[in-house]
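In UniProt numbering, the protein residues as written are 1 to 580.
Ideal Cβ positions, reconstructed from N, Cα and C, are used throughout, including at glycine.
The model shown is predicted, which means the values in this text are computed figures rather than measured ones.
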Amino acid sequence: MKLLTSLAVLVSTAVAAVLPAEAITSLDERATADPACTNGPTTRACWSNGYSIATDFDQKSPRTGNTVTYNLEITNGTCNPDGKASRVCFLINGQFPGPLIRASWGDTVQVNVKNSLQMNGTAMHFHGVRQLNSCGADGVNGITQCPIAPGQQYTYSFIATQFGTSWYHSHFSNQYGDGVLGPMIFDGPASSNYDIDLGAYPVTDWYYQTAYQIASLASDNTQNFGGPPDGDNILVNGTAKAADGTTGKYSAVTMTKGKKYRLRLINVSVDNYINVSLDGHPFLVMTSDFVPIKPYSTNWLTMGIGQRYDVVITANQTAGNYWFRAEVNTACLSGNKGFGRGIFSYDSVSAGTPQSTAFASPSGCSEPTNILPFWTQAVPQGAFNSGAKTLDIGLTGAQVVPGGKTITVWALNGTSLDIDWRNPTLSYIFSGNTSYTQSMGVQIANSSPNGWNYWLIQQTANGPPIPHPIHLHGHDFFVLGQGTSQWDGTATLNYANPPRRDTATVYGGGWLAMAFQSNNPGAWLLHCHIAWHISEGLGMQFIERPSEMVKPDQGTYDGLCSSWDSYSNGMYWPKDDSGL
Numbered sequence: 001m002k003l004l005t006s007l008a009v010l011v012s013t014a015v016a017a018v019l020p021a022e023a024i025t026s027l028d029e030r031a032t033a034d035p036a037c038t039n040g041p042t043t044r045a046c047w048s049n050g051y052s053i054a055t056d057f058d059q060k061s062p063r064t065g066n067t068v069t070y071n072l073e074i075t076n077g078t079c080n081p082d083g084k085a086s087r088v089c090f091l092i093n094g095q096f097p098g099p100l101i102r103a104s105w106g107d108t109v110q111v112n113v114k115n116s117l118q119m120n121g122t123a124m125h126f127h128g129v130r131q132l133n134s135c136g137a138d139g140v141n142g143i144t145q146c147p148i149a150p151g152q153q154y155t156y157s158f159i160a161t162q163f164g165t166s167w168y169h170s171h172f173s174n175q176y177g178d179g180v181l182g183p184m185i186f187d188g189p190a191s192s193n194y195d196i197d198l199g200a201y202p203v204t205d206w207y208y209q210t211a212y213q214i215a216s217l218a219s220d221n222t223q224n225f226g227g228p229p230d231g232d233n234i235l236v237n238g239t240a241k242a243a244d245g246t247t248g249k250y251s252a253v254t255m256t257k258g259k260k261y262r263l264r265l266i267n268v269s270v271d272n273y274i275n276v277s278l279d280g281h282p283f284l285v286m287t288s289d290f291v292p293i294k295p296y297s298t299n300w301l302t303m304g305i306g307q308r309y310d311v312v313i314t315a316n317q318t319a320g321n322y323w324f325r326a327e328v329n330t331a332c333l334s335g336n337k338g339f340g341r342g343i344f345s346y347d348s349v350s351a352g353t354p355q356s357t358a359f360a361s362p363s364g365c366s367e368p369t370n371i372l373p374f375w376t377q378a379v380p381q382g383a384f385n386s387g388a389k390t391l392d393i394g395l396t397g398a399q400v401v402p403g404g405k406t407i408t409v410w411a412l413n414g415t416s417l418d419i420d421w422r423n424p425t426l427s428y429i430f431s432g433n434t435s436y437t438q439s440m441g442v443q444i445a446n447s448s449p450n451g452w453n454y455w456l457i458q459q460t461a462n463g464p465p466i467p468h469p470i471h472l473h474g475h476d477f478f479v480l481g482q483g484t485s486q487w488d489g490t491a492t493l494n495y496a497n498p499p500r501r502d503t504a505t506v507y508g509g510g511w512l513a514m515a516f517q518s519n520n521p522g523a524w525l526l527h528c529h530i531a532w533h534i535s536e537g538l539g540m541q542f543i544e545r546p547s548e549m550v551k552p553d554q555g556t557y558d559g560l561c562s563s564w565d566s567y568s569n570g571m572y573w574p575k576d577d578s579g580l
């Protein structure tokens with residue numbers, strides 16, 4: 001299903017400025033927002049009502065009073081996106097990937113999710129959304145809610161305090177790998193000008209077996225310290241040609257010479273790091289995840305699972321047809337039998353098979369290091385070495401399958417996360433129960449308002465040297481440093497204006513130093529976004545200032561759990577993984 005969209009699709013008018021426009025000569029950071037400035041092709045730094053690209057949305061965001069509502073129904077179906085092998089999958093509103101959720105900065109977003117699956121629970125997570133004062137809408141079954149039972153529905157409501165590009169997906173076991181996902185855009189200002197918004201452009205690995213089948217094979221391979229099966233193809237904007245080129249179709253985009261285009265790249269894979277590029281057209285990168293950055297130019301981007309980059313493409317080359325390339329990054333130990341392609345064509349020529357030449361391919365497994373957040377924020381120095389807590393990534397034996405069989409699984413500090421769908425963490429918080437079980441993987445965040453949390457996530461010396469894309473819910477975090485060998489305390493960390501995002505990589509055999517503030521009370525999951533790894537327990541959760549948490553409606557919350565209890569008593573398929 002094609003996801004490419006334009007700004008004409010559901011853009012809220014509630015925040016449209018009624019003030020005279022003012023030309024911007026520079027997109028440099030301003031001390032204060034300019035109220036006499038409206039958003040347009042040459043003034044993308046502007047927004048409205050005193051808000052602009054100068055506004056750090058963690059410190060302040062608008063409230064439009066506008067509510068944008070979406071109804072999502074999840075059903076059983078079949079998918080065949082490259083025409084090669086039809087298989088069972090899950091659909092949202094009858095399509096894969098699911099429909100776009102789009103709102104404006106400051107809107108209230110209301111998403112009604114109906115579970116019409118035959119025999120699966122579900123829950124919907126809105127990836128990277130801060131969920132300020134709305135932890136109950138984070139969509140993590142076993143932590144912020146019970147699963148939605150078949151035949152039931154649940155409403156998620158939150159304010160879009162951020163702007164940019166992301167995606168939503170199920171957090172019920174491996175379910176998103178079978179189709180329960182879709183793109184998400186919150187319109188707002190930008191740190192670079194452009195003429196036309198091409199919309200969301202997701203890339204993903206695709207398998208001819210179901211995600212549940214692949215997860216089982218991956219778990220079997222883990223017992224022998226092996227990797228998961230390779231993907232069968234890479235989809236670009238929901239479609240692809242089969243690896244042998246005999247079936248399927250390429251995603252197609254049309255450009256007008258001289259125009260600048262915003263392209264919103266999202267890696268929605270379950271296992272693959274993916275390199276992306278457009279022949280002959282460098283990317284001007286202006287966001288990393290939700291965070292606007294000082295624009296920089298590059299020919300290729302390496303995208304970890306869950307990461308997003310908004311880029312500007314200038315259509316200034318000889319009119320013709322050009323390949324968009326999405327290729328698995330084998331240096332990140334990702335494997336795929338196919339390769340992703342799209343075709344970008346100038347509207348003055350006939351569409352056809354490109355003869356364009358690729359930029360020189362990148363080497364290694366590394367994330368961009370020149371990501372400078374548009375808003376400068378320093379992290380207090382000196383506290384990391386004295387106050388950082390360590391999370392060691394490794395393998396352990398755990399009882400995670402029916403019958404009590406002990407198998408090898410992924411773990412943090414020796415604990416493999418195993419949540420209880422029937423008794424979420426929020427139920428503990430509501431009742432004041434702090435007797436968290438070890439398998440819940442609970443850590444207590446700094447209890448001081450806006451206090452700093454410092455974490456060193458590293459791989460054990462004897463563990464498999466596999467890169468892990470680490471995602472934190474409820475927050476952006478500051479990437480103080482990354483390394484490719486064991487942490488020895490001598491690395492120079494970046495406190496002055498470190499990269500800020502919600503997903504970053506622990507390199508194979510290496511480490512990730514991160515910091516975030518306790519500024520969002522709730523229960524928040526941190527996990528590896530390789531689906532097989534979180535399925536096998538590679539995650540933990542932070543309990544943050546629980547007494548100050550804004551609780552969801554108790555009756556609605558309890559009703560959801562009551563429905564799940566009734567369903568799960570006769571559930572055909574027992575829980576056989578972490579639940580996430």
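About 7 Å separates the beta carbon of T390 from that of Q458, a gap short enough to meet the 8 Å contact definition. Cβ-Cβ separation between Q110 and T69: approximately 5 Å, consistent with a contact (criterion under 8 Å). Ranked by Cα distance from H527, the first of Q355, A200, T38 and G579 is G579.
Taking C-alpha positions only, M571 is separated from D565 by approximately 10 Å. The distance from the Cβ of N272 to that of V328 is about 5 Å, consistent with a contact at the 8 Å cut-off. According to the DSSP assignment, A378 belongs to no alpha helix (DSSP H), since it is labelled neither H nor E. Note: G522 is bridge-paired with E544 in the DSSP secondary-structure output.
Between the alpha carbons of H127 and Y168 lies a gap of roughly 6 Å. Shown here for G258: same chain residues with a beta carbon closer than 8 Å to its own, the five before and five after excluded, namely A315 and N316 in chain order.
Per DSSP, the beta bridge partners of L263 are V311. Linking T222 to Y176 through their CA atoms gives a straight-line distance of about 21 Å.
Annotated as proximal: F163 and F186, with beta-carbon spacing under 8 Å. Residue pairing by DSSP places Q213 in no beta bridge whatsoever. For I429, the enclosing alpha helix (DSSP H) stretches over residues T425 to S431. In the displayed model, Q317 falls within coil according to three-state DSSP, outside both helix and strand.
Contact between G98 and G182 holds, with the beta-carbon distance rounding to 3 Å and staying under 8 Å. When DSSP assignments are scanned along the stretch 109-166, the uninterrupted stretches of beta strand (DSSP E) that are 3 or more residues long and fall wholly within it turn out to be 124-126 and 153-159. Bounds of the beta strand (DSSP E) holding D187 are L181 to D187.
If you draw a straight line from the Cα of N520 to the Cα of D476, it is about 11 Å long. In the DSSP assignment, Y557 falls within the alpha helix (DSSP H) that extends over Q554 to S568. Taking C-beta atoms under 8 Å as the contact rule, I53 and P189 qualify, at a distance of about 4 Å. DSSP, read as helix, strand or coil, puts D58 in coil. When C-alpha distances from L412 are compared across H468, A383 and A378, the shortest belongs to H468.
The DSSP-derived three-state label of T406 is strand. Taking the Cα positions, W105 is about 29 Å away from P147. Residue nearest to T247 within the set K84, G50, M184 and Y322 is K84 (criterion: CA-CA distance).
Around the C-beta of W410, 16 or more other C-beta atoms lie within 10 Å, and the residue is accordingly described as buried.
The alpha carbon of N174 has as its nearest neighbour, out of S269, Q153 and L100, the alpha carbon of S269. Secondary structure note for I419: it is in no beta strand (DSSP E), with a DSSP letter that is neither H nor E. Sequence-distant Cβ neighbours of S334 in its own chain, meaning closer than 6 Å and more than five residues away, are N272, Y273 and V328. Ranked by Cα distance from F57, the first of G509, L263, E548 and R500 is R500.
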